[in-house]
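Each residue of the sequence shown is one higher than the one before, counting from 834 in this note's numbering. Every residue, glycine too, gets a C-beta built ideally from N, C-alpha and C. This report concerns only the one structure given below.
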Amino acid sequence: MCQLSKNYGTKTIAGLVEKTMKILYVIKTNRGAKWAYEQALWLFRHGLDLTVVIPEESGDYADLYRSARIKVIRADCSLPVSKPWLLSRRIRTIRQMVETEQPDLIHCHFVTNILMMRLALRNSSIPRLFQVPGPLHLESCIFRKLDVLSATAADYWAPACRLSFQKYLQAGISSKRLFLAYYGSESYAKTFETTGQLRSEFGLSPDSRLVAMVCYFYKPKRYLGQRYGLKGHEDFIDAMRLLLHDYPDITGVIVGGPFGTSQRYMEQVQAYARRRCGDKILFTGFRKDVLQIYREFDVAVHPSHSENLGGAAESLAAAVPTVSTDVGGFPDIVIDGKTGYTVPAKSPRRLAQAIERMLIDPEQATQMALQGQREVRELLDLDRTAGLIEVIYSQILQSEK
834 MCQLSKNYGT KTIAGLVEKT MKILYVIKTN RGAKWAYEQA LWLFRHGLDL
884 TVVIPEESGD YADLYRSARI KVIRADCSLP VSKPWLLSRR IRTIRQMVET
934 EQPDLIHCHF VTNILMMRLA LRNSSIPRLF QVPGPLHLES CIFRKLDVLS
984 ATAADYWAPA CRLSFQKYLQ AGISSKRLFL AYYGSESYAK TFETTGQLRS
1034 EFGLSPDSRL VAMVCYFYKP KRYLGQRYGL KGHEDFIDAM RLLLHDYPDI
1084 TGVIVGGPFG TSQRYMEQVQ AYARRRCGDK ILFTGFRKDV LQIYREFDVA
1134 VHPSHSENLG GAAESLAAAV PTVSTDVGGF PDIVIDGKTG YTVPAKSPRR
1184 LAQAIERMLI DPEQATQMAL QGQREVRELL DLDRTAGLIE VIYSQILQSE
1234 K
């Protein structure tokens, strides 16, 4: 099994690399995907010849890549599912780009990117690494088969949680082509103090206990059979309604804005919250100071229906008592009864009960959060996670030779 040891460090990596590797690093979106940016920046600073392919030439993360002096190519390399007439043009664009750049390896992070690359480069021997950010597409029989059956001998996978790793094994992918590779972040090692900024800004009482969820709003994907958004906002609201009956001093906080075209869905969720909880759910909108305000929360809740590690890594890194569903990669870090509590997805009552346990025994909740902080800081240390990617590159290229 190609699950590499955490003992690999930069010295070991340096010993494996014979020459500067040229990597084509393909990103689907210019907004978000901070985890991919931090990893790219680490790889570039450690000597790799990295070229980032991103849909926009400027703004948001495109500007950050450029400011770091990383070469950026503007190209949309996602499979145009809703605009099939763009397919032939994108195939030509990809082939021309690869012919010009001559990369040693192509690294993709999103399923529509890797599917598009495979289609355009069907006869190419350039190895492709799909670092799988979450198990969502693997939970659909159709998309899971599309991923597996579209692959050739040039394809490798690096799932970012244990569940995704196991699903690929179950789908028949050889362990020789699989690597377990989490996304890390420098921010997980930082320490933040409680500032009271959020309470002051929204006029919240110092005695009010804050139960919060932090994430974008993603509208339901009807083609996957979703009736509600992926992040479980409605479940959080229903759980808060149950809690407010016995704990009128708590305030629900939802941090985040709409992702892409989800503005209407966000407004529907806000209306739902007003109907269910009156004015006891506060919507802050998108904020750039999430890490600074995390310490104000008494409990952080992650009620996602499908997820990788998600925001649970942030809340645990900040030592905030954490409750999550038991889906995807959450159990990798939210260990029930040890670093937090996990509950089944789509179960507001179980969610409310877990939150209540945190509120009833804040001392135990704090101890679990501190244990979670220690484990997250070790597991998701950026030197460790990005360094492992460099080792994976080397092993793939050596096996190809």
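Item: Assigned secondary structure, Gly1220 (DSSP; H/G/I helix, E/B strand, else coil); Value: helix
Item: Residue of Leu1037, Ala987, Met1046 and Cys974 minimising C-alpha distance to Ile947; Value: Ala987
Item: Contact belief for Lys1171 with Gln1204 at Cβ below 8 Å, rounded distance in angstroms; Value: 6 Å
Item: Residue from Pro992, Glu972 and Glu889 whose Cα sits closest to the Cα of Ser1139; Value: Glu972
Item: Nearest candidate by alpha-carbon position, reference Tyr1051, set Gln1030, Ser1041, Leu1075 and Ser1095; Value: Ser1095
Item: Cα-Cα separation between Trp990 and Pro960, rounded to whole angstroms; Value: 11 Å
Item: Which of helix, strand or coil DSSP assigns to Tyr1016; Value: coil
Item: Within 9 Å, strictly: CB atoms of His879 and Glu1223; Value: yes
Item: Delimiting residues of the beta strand (DSSP E) encompassing Thr1155; Value: Thr1155 to Thr1158
Item: Bridge partners - Lys861, DSSP secondary structure assignment; Value: Beta-bridge pairing links Lys861 to no other residue.
Item: Beta-carbon gap between Val1102 and Ala1045 smaller than 9 Å; Value: no
Item: Of the listed residues Val944, Thr853 and Ala1152, nearest to Glu1026 (C-alpha basis); Value: Ala1152
Item: Cβ neighbours of Leu1077 in the same chain (closer than 8 Å, five flanking residues each side left out); Value: Ile1083, Cys1110 and Lys1113
Item: His942, enclosing beta strand (DSSP E) - first and last residue; Value: It is not in any beta strand (DSSP E) - His942 carries neither H nor E in the DSSP assignment.
Item: Ser911, buried or exposed, once every other Cβ within 10 Å from all chains shown has been counted against 16; Value: buried
Item: Those residues which DSSP pairs with Gln964 across a bridge; Value: Ala991
Item: Cβ-based neighbour list, Lys839, same chain, cut-off 7 Å, excluding 5 preceding and 5 following; Value: Bear in mind that a pLDDT of 37 at Lys839, under 50, signals an unreliable position, so the model cannot answer this.
Item: Boundaries of the alpha helix (DSSP H) in which Glu884 is found, first to last residue; Value: Checking the sequence shown, residue 884 turns out to be Thr, not Glu. Careful: Thr884 lies outside any alpha helix (DSSP H), inside the beta strand (DSSP E) at Asp882 to Ile887.
Item: Assigned secondary structure, Thr1024 (DSSP; H/G/I helix, E/B strand, else coil); Value: coil
Item: Beta-carbon proximity of Glu1129 to Leu1192, cut-off 9 Å; Value: no
Item: N-terminal and C-terminal residue of the beta strand (DSSP E) that Val905 is part of; Value: Lys904 to Arg907
Item: Buried/exposed call for Asn1141, threshold 16 Cβ in 10 Å; Value: buried
Item: Touch test, the stretch 1004 to 1016 against the stretch 1033 to 1043, Cβ-Cβ under 8 Å, three pairs minimum; Value: no
Item: Top-ranked residue by Cα proximity to Arg1107, from Pro1177, Thr933, Thr1175 and Ile1070; Value: Ile1070
Item: Burial state of Gln964, where buried means 16 or more other Cβ atoms lie within 10 Å; Value: buried
Item: Span separating the alpha-carbon of Phe1092 from that of Asn863; Value: 12 Å
Item: Three-state secondary structure (DSSP) of Lys1121; Value: coil
Item: Beta-carbon proximity of Ala1178 to Val1156, cut-off 9 Å; Value: no
Item: For Gly1090, the nearest candidate out of His1066, Glu1208 and Leu1011 (CA to CA); Value: His1066
Item: Selected residue, minimal CA-CA separation from Gly1173, among Arg951, Glu1034, Pro1195 and Ile903; Value: Pro1195
Item: With 16 other Cβ atoms within 10 Å as the buried cut-off, status of Val944; Value: buried
Item: Nearest-angstrom Cα separation, counted from Glu1189 out to Ile939; Value: 47 Å
Item: Spatially closest choice to Ala1005 from Leu969, Glu932, Val1088 and Lys978, by CA coordinates; Value: In the sequence as presented, Ala is not what sits at residue 1005; that position holds Gly. Minimum Cα distance to Gly1005 is reached at Lys978.
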